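Enquirer: Attaching a single structure in C-alpha cells format; questions to follow.
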Amino acid sequence: MALLDSVVTTSARIAASASRLAKIRTLAQFLAVLAVAEVEIAVHYLAGALPQGRIGVGYRTLQAAAARTPAIAPRLQITDVDAVIRGLAASAGTGSHARRAALLAELFEAATAMEQDFLLRLLASELRQGAQDGVMIDAIAAAASLPVAVLRAAAMYAPGLGRLALIALTEGEAGLRQFRLQLFHPVAPMLAQTAQDVGEALRTLTPPVQFEWKMDGARIQVHKHGTEVRIYTRALNEIGAAIPEVVAAVQALPTAELVLDGEVLAFTASGRPHPFQTTMRRFGRRLNIQAMLDELPMRAFFFDCLLLDGQVFVDRPMSERLAALGRAVPQECKMPRLVTAHEEQAMAFYEAALKAGHEGVMAKSLASVYEAGNRGANWFKIKQSHTLDLVILAAEWGNGRRQGKLSNLHLGALEPGTGEFVMLGKTFKGLTDAMLEWQTRELLARETHRDTMTVYVRPELVVEIAFSDLQTSPRYPGGFALRLARVKRFREDKRPDEADTMQAVRRIHAAQG
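In terms of the numbering used here, the sequence shown is residues 621 to 1133.
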C-alpha cells in the first residue's frame, strides 16, 4: 500500500514544475502504480480536495493539531488518512469537538513535517499545486492509455475526478460509458468566455452566430419525466419547492422527458427585470413560499435542450439542440435570440437587450456541442461594461462608518498553469451596509491569518467586479491592475473554480488594444 509521503512528494513535484506536460507525466506515472483502493483518494488529494467534501473543522483547530511534534519517518498510508478524515466527517453531536481534536492530534503526530504541512493545507482547502481538472484528466488518460477526448467526454458526467480515474484505470473505455447524461442526475452547466463586443464575437466564431439575451437571473437546469419535475441550480442543488410556478409550467409542456438549460428571474409590474439580489430572495432559507410567490412571481426562459424524449443532444451541434428546444418549449418560454452574420444586426439586438433592462447578450456558435462544466471556446458573454467574477483573497478593516467591518477587498484570479490565485487589485466601492455586514461575517468564518490591518481568508467567496479597463502594472504579480473597480454583487451561486481566470483577464487586456 502506498504511503501518504508518495502523494506529498508528487504534489511537491507538480507545484515545482511550470510545464503542463511535465505535470501530466508526473501525475500519470504516480496514478499508474496505485492500488485500486487508493486511486480515488489520491486523485482527490492531488486535486486539492477531500472525497468527503467539507468536513467542518475550523482553521484554529487545524493549526493546533499541526503544532504537534512531527514523526521522524513516513509511516502513514493513504488509506489510513482517509479513514481518519471519514471519522472527522462523521463526528457530530455532543462531544464532537473533542473527538475531532483527538483524531486530528493522532493524525498529525503520525505525520512527518512535510506531511503535516500538506495535511494542513489540504484540510483547510488551501492546497493549490497546479493539478487543475484539465491537467488531471489528461494525466488519467495517460495512466489508463486512453484517448484524452474519451476522458474529457466522460468527465462532464462523472461524479468526480476520483471516480473517473478509478473506472478509467480498472474498466477502461467500456466502463467510462456509464458516465452520460441521465434524468435527475444534474450536470454542471456550460460556461462562457468574455468578448469585448459583438464585433469580436463575430470575428472569433464561425458565422452565422446565434445571439441571445443575457438575463441577470438564476441559472437553472430542468429535468422532467412525466409529471415529475426537478429544478437544479448551477451548484446542482434542487430548488423546485421554492419555485412551484416554474415546476407547474414545465409539467404543462407536451413532452414526456426533458432536460433544459435556462434562466429564471423575477420582473416588476412594468415588465422590467428585478436586480439579481431580488430574484435570489426566492431561494432564501425559511421562506413563506406562498407569500414570496405572490410578491415575486418567477418566469423561466430556456436557451438549450440537452435531452428530449429519450434522445440525448449534448454531443450534437447547437443548431440541432435549438431545433429540439423549439419542439419542446413554446415561444414565450424561449430566450429571445437572433442568428446573424452581420454586426449591425447583432448590435441592434444587443441594444434591445440593454433597453429591456438586461445585462447584454450571449454569442454562440451554431456548431458548438454542450461542454458541461467547461468554459467553452464557442460561447461568449458580452456585457455593457467590463465585469469579472473574482475570488476574495483578503480584506482590510474599514474606517469611519465602516469601523469594525471588513471593507477593502483584495481580489484575485486563478492562474491555471500554477494553480495559484493572482492578485489584481483592491476595492471597497459599491458595498452597501448590508453587504458589509454579510462579507464581514462570511470572511471571518474563512480567516486563515491576519496582520494589523488585513484579514487573509481561504479563497472561497466569488464576487462580480465591474471596472473601466485593465492597466499593466508592476505592482501585482500578474502584471495587470483593475481600474475604477467596484463590487457589483456577490456570486453565492458560484464556486471559486467557476470564477474567471487569468486567461480571461489577458483576453480583455488584449482586446483593449
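Where a beta carbon is used, it is the ideal one built from N, C-alpha and C, also for glycine. Since the structure is predicted, the reported quantities are computational estimates derived from the model, not experimental observations.
(1) Cβ of leucine 585 within 8 angstroms of Cβ of glutamate 877?
(2) With burial defined as no fewer than 16 other Cβ atoms inside 10 Å of the residue's Cβ, what is the status of histidine 1137: buried or exposed?
(3) Using the three-state DSSP reduction, which class does lysine 1049 fall into: helix, strand or coil?
(4) Any heavy atom of the ligand GDP closer than 7 angstroms to the beta-carbon of leucine 1031?
(5) From glutamate 865 to glutamine 841, what does the alpha carbon distance come to, in whole angstroms?
(6) What does a CB cutoff of less than 8 angstroms around alanine 1033 pick up in its chain, not counting 5 residues either side in sequence?
(7) Can you give me the Cβ contacts of serine 745 inside the same chain, cut-off strictly under 6 angstroms, excluding the 5 residues immediately before and after it?
(8) Just reading off the beta strand (DSSP E) that isoleucine 1002 is part of, what are its end residues?
(9) Output yes or no for whether 8 angstroms exceeds the beta carbon distance between aspartate 924 and leucine 880.
(10) DSSP state of glycine 707, grouped into three classes?
(11) Quick check on the burial criterion: 16 or more other C-beta atoms within 10 angstroms. Buried or exposed for isoleucine 692?
(12) Could you say if the segment 1078 to 1088 and the segment 1104 to 1111 meet the contact criterion of at least three C-beta pairs nearer than 8 angstroms?
(13) Identify which residue in Phe887, Ala721, Ala712, Arg839 has its Cα closest to the Cα of glutamate 1112.
(14) Threonine 1052 and leucine 1029 look like a contact to me (Cβ under 8 angstroms); what is the Cβ gap, rounded to whole Å?
(15) Are there three or more Cβ pairs, one per stretch, closer than 8 angstroms when the segment 722 to 729 is compared with the segment 629 to 638?
(16) Keeping to the same chain, check which residues put their C-beta closer than 7 angstroms to that of leucine 696; ignore five residues upstream and five downstream.
(17) Going by beta-carbon coordinates alone, are leucine 682 and leucine 740 separated by less than 8 angstroms?
(18) With a CB to CB cut of under 8 angstroms and the five nearest residues on each side skipped, what residues in its chain are close to arginine 596?
(19) Report all residues from its chain with a CB closer than 8 angstroms to the CB of glycine 946; omit the five preceding and five following residues, and keep chain order.
(20) With DSSP as the reference, label glutamine 683 as helix, strand or coil.
(21) Around the C-beta of glutamate 791, are 16 or more other C-beta atoms found within 10 angstroms, so that it is buried, or is it exposed?
(22) Name the DSSP beta bridge partners of leucine 880, please?
(23) Assign lysine 1114 to one of three DSSP states: helix, strand, or coil.
(24) Does DSSP classify glutamate 991 as helix, strand or coil?
(25) Going by other Cβ atoms of all chains shown within 10 Å of its Cβ, with 16 needed for buried, is isoleucine 757 buried or exposed?
(26) Within 10 angstroms of its Cβ, does lysine 1025 collect 16 or more other Cβ (buried), or is it exposed?
(27) Residues bridged to glycine 837 by DSSP?
(28) Can you tell me which of the three DSSP states valine 653 falls into?
(29) To the nearest angstrom, how far is it from the Cα of methionine 912 to the Cα of arginine 902?
(30) Is the segment 757 to 773 touching the segment 645 to 653, taking contact as three or more C-beta pairs under 8 angstroms?
(31) Bridge partners for aspartate 1089 per DSSP, in chain order?
Expert: With the structure as the only source:
(1) There is no way to answer for residue 585, as the model of the chain reaches only from 621 to 1133.
(2) This structure gives no information on residue 1137, because the portion of the chain shown stretches from 621 to 1133.
(3) One-based indexing of the sequence shown puts residue 1049 at position 429. Lysine 1049: coil per DSSP, three-state reduction.
(4) You won't find the ligand GDP in this model; it holds no ligand whatsoever.
(5) One-based indexing of the sequence shown puts residue 865 at position 245. One-based indexing of the sequence shown puts residue 841 at position 221. If you take the alpha carbons of glutamate 865 and glutamine 841, they lie about 15 angstroms apart.
(6) For the purposes of this step, residue 1033 is taken as the residue at position 413 of the sequence shown. The residues are Leu1008, Leu1010, Val1011, Phe1041, Val1042, Leu1044, Gly1098, Ala1119, Asp1120, Thr1121, Met1122, Ala1124, Val1125.
(7) Against the sequence shown, residue 745 aligns to sequence position 125. The residues are Arg1078.
(8) On the sequence shown, residue 1002 is found 382 positions in, with the first residue counted as 1. Its beta strand (DSSP E) spans residues 995 to 1003.
(9) For the purposes of this step, residue 924 is taken as residue 304 along the sequence shown, with counting starting at 1. For the purposes of this step, residue 880 is taken as residue 260 along the sequence shown, with counting starting at 1. Yes, Cβ-Cβ distance for aspartate 924 and leucine 880 is below 8 angstroms.
(10) The sequence position of residue 707 within the sequence shown is 87, counting from 1. Three-state DSSP puts glycine 707 in a helix.
(11) Counting from 1 along the sequence shown, the entry for residue 692 is found at position 72. Sixteen is the threshold: since fewer than 16 other Cβ atoms of the shown chains lie within 10 Å of the Cβ of isoleucine 692, the residue is exposed.
(12) Here the segment 1078 to 1088 makes contact with the segment 1104 to 1111; the two share three or more CB pairs at distances below 8 angstroms.
(13) By one-based count along the sequence shown, residue 1112 stands at place 492. Residue Arg839 is the option with its Cα nearest to glutamate 1112.
(14) By 1-based counting over the sequence shown, the position of residue 1052 is 432. By 1-based counting over the sequence shown, the position of residue 1029 is 409. Actually they are not in contact, since the Cβ atoms of threonine 1052 and leucine 1029 sit about 14 angstroms apart, beyond 8 angstroms.
(15) Here the segment 722 to 729 makes no contact with the segment 629 to 638; the two share fewer than three CB pairs at distances below 8 angstroms.
(16) The residue given as residue 696 occupies position 76 in the sequence shown. Hits under 7 angstroms: Leu623, Leu624, Ala730, Ala731, Glu735.
(17) Stepping through the sequence shown from its first residue, residue 682 is reached at position 62. Stepping through the sequence shown from its first residue, residue 740 is reached at position 120. Contact: yes.
(18) Residue coverage of the chain in this structure runs from 621 to 1133, which leaves residue 596 outside it and unanswerable.
(19) Within the sequence shown, the letter at position 326 stands for residue 946. Excluding residues up to 5 positions away in sequence, Lys954 lie with their Cβ nearer than 8 angstroms to the Cβ of glycine 946 in the same chain.
(20) As a first step, residue 683 must be located in the sequence shown, where it is residue number 63. Here glutamine 683 sits in helix by DSSP.
(21) Start at 1 with the first residue of the sequence shown, and residue 791 comes out as number 171. With a 10 Å radius around the Cβ and a threshold of 16 neighbouring Cβ atoms, glutamate 791 comes out exposed.
(22) Reading the sequence shown from its first residue, position 260 is the one you call residue 880. Paired residues: Val842, Cys925.
(23) The residue given as residue 1114 occupies position 494 in the sequence shown. Residue state, collapsed to three classes: coil.
(24) If you number the sequence shown from 1, residue 991 lands on position 371. Glutamate 991 falls in the coil class under three-state DSSP.
(25) For this step, residue 757 is matched to residue 137 along the sequence shown. Buried.
(26) The residue you call residue 1025 lines up with position 405 of the sequence shown. Burial state of lysine 1025 is buried, judged by a 10 Å Cβ sphere holding 16 or more other Cβ atoms.
(27) The residue you call residue 837 lines up with position 217 of the sequence shown. DSSP output for glycine 837 lists no bridge partner at all.
(28) Residue numbering aside, residue 653 sits at position 33 when the sequence shown is read from its first letter. DSSP places valine 653 in the coil class of the three-state scheme, outside both helix and strand.
(29) Sequence index remark: in the sequence shown, residue 912 carries index 292 (1-based). Sequence index remark: in the sequence shown, residue 902 carries index 282 (1-based). Approximately 7 angstroms between the Cα atoms of the pair.
(30) Judged by Cβ distances under 8 angstroms, the segment 757 to 773 makes contact with the segment 645 to 653, as three or more pairs qualify.
(31) Start at 1 with the first residue of the sequence shown, and residue 1089 comes out as number 469. Aspartate 1089 pairs with Arg1103.
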